[in-house]
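A short worksheet on the structure shown next.
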Amino acid sequence: MKAKVLLILIILSVGCADVGRERPPLVVVLSFDYEGLFPGSDAYMWPVLDLLERHNATATFFVMGRRAELNPGMVREIHRRNHSMGLHTYYHNFPLFSEEDAAIIAGVYNKSVEYEWNRSFRTKYAFYEDMLMNQRAVMNATGNMSTPTMFRSPSLVVSWTRDPAYFEVLKEAGIEIDSSIYQDFNDPRPFYRIDGIIEVPVVASEKRLQDTRKAYELAEKTAEAGVPLVLYIHPQNMDEAMIQKMDAYLTALEARYNVTYLQVEDVPAHYS
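If you want it as structure tokens, here you go:
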């Protein structure tokens with residue numbers, strides 16, 4: 003309730019000049035990394051799905067293979083509600099193929115190189131085999147969907163390594179759209195192509211919703227740049243308070259902007 007009140011006050015304070023004017027457009031892309039890495043991780047999956055329904059928004063879920071095998075019913079429910087699905091590796095290993103790249107990621111996350119390297123595929127072949135396992139797990143869970151052709155890298159490691167081997171494996175595995183690189187507001191683009199793969203940049207995770215004013219300013223910055231507000235959200239990190247905050251945030255955006263909700267795969271066509 004406090005979050006909703008605060009967002010309404012923010013809208014009133016920054017939106018008065020727009021009274022009588024047409025609301026500016028804003029494309030919102032809600033994407034979820036469905037990992038289930040912790041006990042009780044699925045506790046807020048149903049509230050997340052209900053939240054999307056309240057806002058008449060279809061989203062994209064990047065599903066970890068092991069989670070699809072452990073809870074196929076939830077994957078079927080995601081599919082039944084017309085949300086699209088991509089891959090998120092089978093075990094949440096990192097697509098790192100050199101210790102030098104592991105060192106880069108270790109610096110980003112303040113971990114040891116050994117820790118990051120131990121969580122890595124290390125070879126292109128291991129990454130490719132994992133992709134096939136991930137595809138089979140998601141397809142088996144739904145029982146009636148075609149091979150997923152979207153992917154998101156764990157921890158968005160490709161944002162820093164930019165290893166061409168990463169995109170080579172994606173192509174070999176039949177991936178057409180990736181969403182694993184942060185938006186560069188110095189050169190904002192709704193999407194671009196890397197070695198034949200369409201890249202849809204992300205803007206922020208659910209952590210940015212903790213600061214209400216900054217979250218609203220981020221939406222404003224995105225709208226002004228003419229790119230989609232691509233949020234990547236981890237249901238396992240959600241709780242009742244975060245669900246309420248996300249609900250309030252979307253409600254505030256809908257009051258301030260002419261919001262269009264898109265799935266990740268819809269971005270290229272929308273902006274072409």
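Using our numbering, the letters of the sequence shown map in sequence onto residues 3 to 274. Positions of the beta carbon are idealized from the N, C-alpha and C atoms, including for glycine. As the structure is a computational prediction, the values presented were derived from the model and not from experiment.
query                                                                                                                                             : result
Straight-line CA distance for H236 to S157?                                                                                                       : 11 Å
Any contact between the stretch 129 to 144 and the stretch 66 to 75? By contact I mean 3 or more CB pairs, one from each, below 8 Å.              : yes
Answer yes or no: do S122 and F96 have a C-beta to C-beta separation smaller than 9 Å?                                                            : yes
Is the CB-CB distance between I196 and I179 below 9 Å?                                                                                            : no
May I have the straight-line CA-CA distance separating M87 from T60, to the nearest angstrom?                                                     : 11 Å
Using the three-state DSSP reduction, which class does L89 fall into: helix, strand or coil?                                                      : strand
At a cut-off of 8 Å, would you count H90 as near the ligand FMN, judging by its Cβ distance to the nearest heavy atom?                            : With respect to the ligand FMN, the structure offers nothing, as it holds no ligand at all.
Note the first and the last residue of the continuous alpha helix (DSSP H) segment covering I107.                                                 : E101 to Y111
Around the Cβ of P41, are there at least 16 other Cβ atoms within 10 angstroms (buried) or fewer (exposed)?                                       : exposed
Examine the Cβ distances between the stretch 101 to 112 and the stretch 161 to 175 and report whether three or more of them are shorter than 8 Å. : yes
Apart from the five residues on each side of it in sequence, which residues of its chain come closer than 8 Å, Cβ to Cβ, to I12?                  : Legend: pLDDT at I12 = 49, less than 50; position of this residue unreliable, value from coordinates given subsequently. T214, R215, Y218 and A254, listed in sequence order.
Below 8 Å on the Cβ atoms is my contact criterion, and I expect F193 with Y273 to pass it. Report the Cβ-Cβ distance as a whole number of Å.      : 7 Å
Which partner residues of D35 appear in the DSSP bridge assignment?                                                                               : F64
What are the partner residues of E201, as DSSP defines its beta bridges?                                                                          : D180 and Y194
Helix or strand or just coil, what does DSSP make of S207?                                                                                        : strand
Among N146, E131 and T125, which one has its Cα closest to the Cα of V77?                                                                         : N146
Between H94 and the rest of its own chain, which residues show a CB-CB distance below 7 Å, the 5 nearest in sequence each way excluded?           : E37, L39, M66 and P156
Is Y127 buried or exposed, if buried means 16 or more other CB atoms sit within 10 Å of its CB?                                                   : exposed
Between which residues of its own chain and A104 is the CB-CB distance below 7 Å, once the five residues before and five after are set aside?     : L98, V115, E118, W119 and S122
When the Cα atoms are used, what is the spatial distance from L32 to S100?                                                                        : 32 Å
Distance, Cα to Cα, T151 vs M240?                                                                                                                 : 27 Å
Kindly indicate which residue of M47, V229 and M141 has the alpha-carbon position closest to the one of E71.                                      : M141
Quick one: give me the first and last residue of the beta strand (DSSP E) that Y234 is part of.                                                   : L231 to I235
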